[in-house]
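Engineer: Residue numbering for the sequence shown follows the numbering used here, beginning at 8 and increasing consecutively.
By construction, the Cβ of each residue, glycine as well, lies at the ideal position given by its N, Cα and C atoms.
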Amino acid sequence: MKLFDTHAHLDNQRYDDDRDALMQRSRDAGVVCTLAMGTTAASSRKCIEIADRYPDVYAAVGIQPTYVGKPDAGDWDEIVELAKHPRVKAIGETGLDCYWDDNAPLPLQQTLFQQHIELSRQTGLPFIVHMRNSEAEVLQVLQEAGKQGPVNGIMHSFTGDWELAQKCLDLGMDISFAGMVTFKKSQDLRDVAAKIPADRILIETDSPYLTPHPFRSKRPNEPWYVQHTAECLAEARGVSVQQFADQTTQNACRRFAIALDA
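(1) By Cβ distance below 6 Å, which residues in the same chain neighbour glycine 179 in space, the five residues on each side in sequence not counted?
(2) At the level of alpha carbons, what is the spacing between arginine 34 and tryptophan 231?
(3) Alpha carbon to alpha carbon, what distance is there between valine 145 and glutamine 257?
(4) Enumerated in chain order, which unbroken segments of the alpha helix (DSSP H) with a length of 4 residues or greater are wholly contained in the segment 34-64?
(5) Does DSSP put alanine 90 in a helix, in a strand, or in coil?
(6) Going by DSSP, name the residue or residues bridged to serine 214.
(7) Just to confirm, are arginine 94 and alanine 43 a CB contact at a threshold of 7 Å?
(8) Closer than 8 Å by C-beta to leucine 176: which residues in its own chain qualify, once you throw out the five before and the five after it? Chain order, please.
(9) Whose C-alpha, out of Gly245, Gln147, Ser127, Gln129, is nearest the C-alpha of glutamine 117?
(10) Does arginine 32 come out as helix, strand or coil in the three-state DSSP assignment?
(11) Is there contact here, the segment 211-225 with the segment 241-256, by at least three beta-carbon pairs under 8 Å?
(12) Locate the alpha helix (DSSP H) running through isoleucine 124, then write down its first and last residues.
(13) For threonine 166, which residues from the same chain have a beta carbon less than 7 Å from its beta carbon, with the 5 sequence-adjacent residues on both sides left out?
(14) DSSP state of valine 158, grouped into three classes?
(15) By the three-class DSSP mapping on this structure, what secondary structure does arginine 139 have?
(16) DSSP state of glutamate 100, grouped into three classes?
(17) Can you name the residues that DSSP bridges to phenylalanine 184?
(18) If distances are taken between C-alpha atoms only, which option among Cys260, Arg261, Glu238 comes closest to glutamine 250?
(19) Give me the Cα-Cα distance between valine 38 and lysine 91, rounded to the nearest whole angstrom.
(20) Determine which residues share a DSSP beta bridge with phenylalanine 134 and list them.
(21) Which of the three DSSP states is assigned to valine 75 in this structure?
(22) CB-CB under 6 Å to valine 7, same chain, minus the five flanking residues each way: which ones, in chain order?
Written out as structure tokens, the structure is:
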């Protein structure tokens, strides 16, 4: 069984003393690839360093919306340069967050979101969207971008309803589900996940956050826990775990233009 964790914050400092063992635990569980997600220029640099160190890790570079209110001068220019690195396979995470918007004014978030999408178009790399308390605002930006053609992106840790999922799919986005979909109270989200076309669904951990059931209270989350999200969604979709794991890995490899060794 092959698993692809499409969104993990491997640069988190709590992994610094255990990263080699962490990666081995992931491989032992069948995780064949992990995308390390940047949230700032400094974080993005570290993700590239990790991707350079581990052949089964690739990087995404960007400025996460809750950090856009406090970038250092030149941070965006650095993201543009980092996007040229051969181990970088995505732009992000980007998007909008209206939960913590006191720290990052929405107009500034929207501007950076649009810049990430434009960088995605320029590089051909997909962009990865963070959305918290901002469904309508995110959709508006994506629809404006969609007027220029299909958007090449992923809805990260999706928690919206089926109507929103359909609109994102119509724009060209893939839909990714994290540990929250395994929670007992998340039946509505599992129902949405069950409807996503087989070739448009992805899975992730968002580690070290959003630990799935049955480890929900355990911190930190680790990439190998993605197997529990896969098991939950395979059951919801009425397919075998093997089939679902292989399908989502194929989907991720196609979206991120990654060729895995046989």
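Structural biologist: Looking at the coordinates:
(1) Pro157, Val158
(2) 8 Å
(3) 27 Å
(4) 48-60
(5) Alanine 90: coil per DSSP, three-state reduction.
(6) Ala15
(7) Result no, Cβ atoms of arginine 94 and alanine 43 do not sit closer than 7 Å.
(8) Ile182, Ile203, Pro204, Arg207
(9) Check the Cα spacing between glutamine 117 and each of Gly245, Gln147, Ser127, Gln129: the tightest is with Gln147.
(10) helix
(11) no
(12) 113-130
(13) Met187, Leu196
(14) coil
(15) strand
(16) Of the three classes helix, strand and coil, the one that applies to glutamate 100 here is strand, per DSSP.
(17) Phenylalanine 184 is bridged by DSSP to Ile210.
(18) Glu238
(19) For valine 38 and lysine 91, the gap between their C-alpha atoms comes out near 26 Å.
(20) Ile98, Gly160
(21) coil
(22) Residue 7 is absent from the structure shown; the chain starts at 8 and stops at 269.
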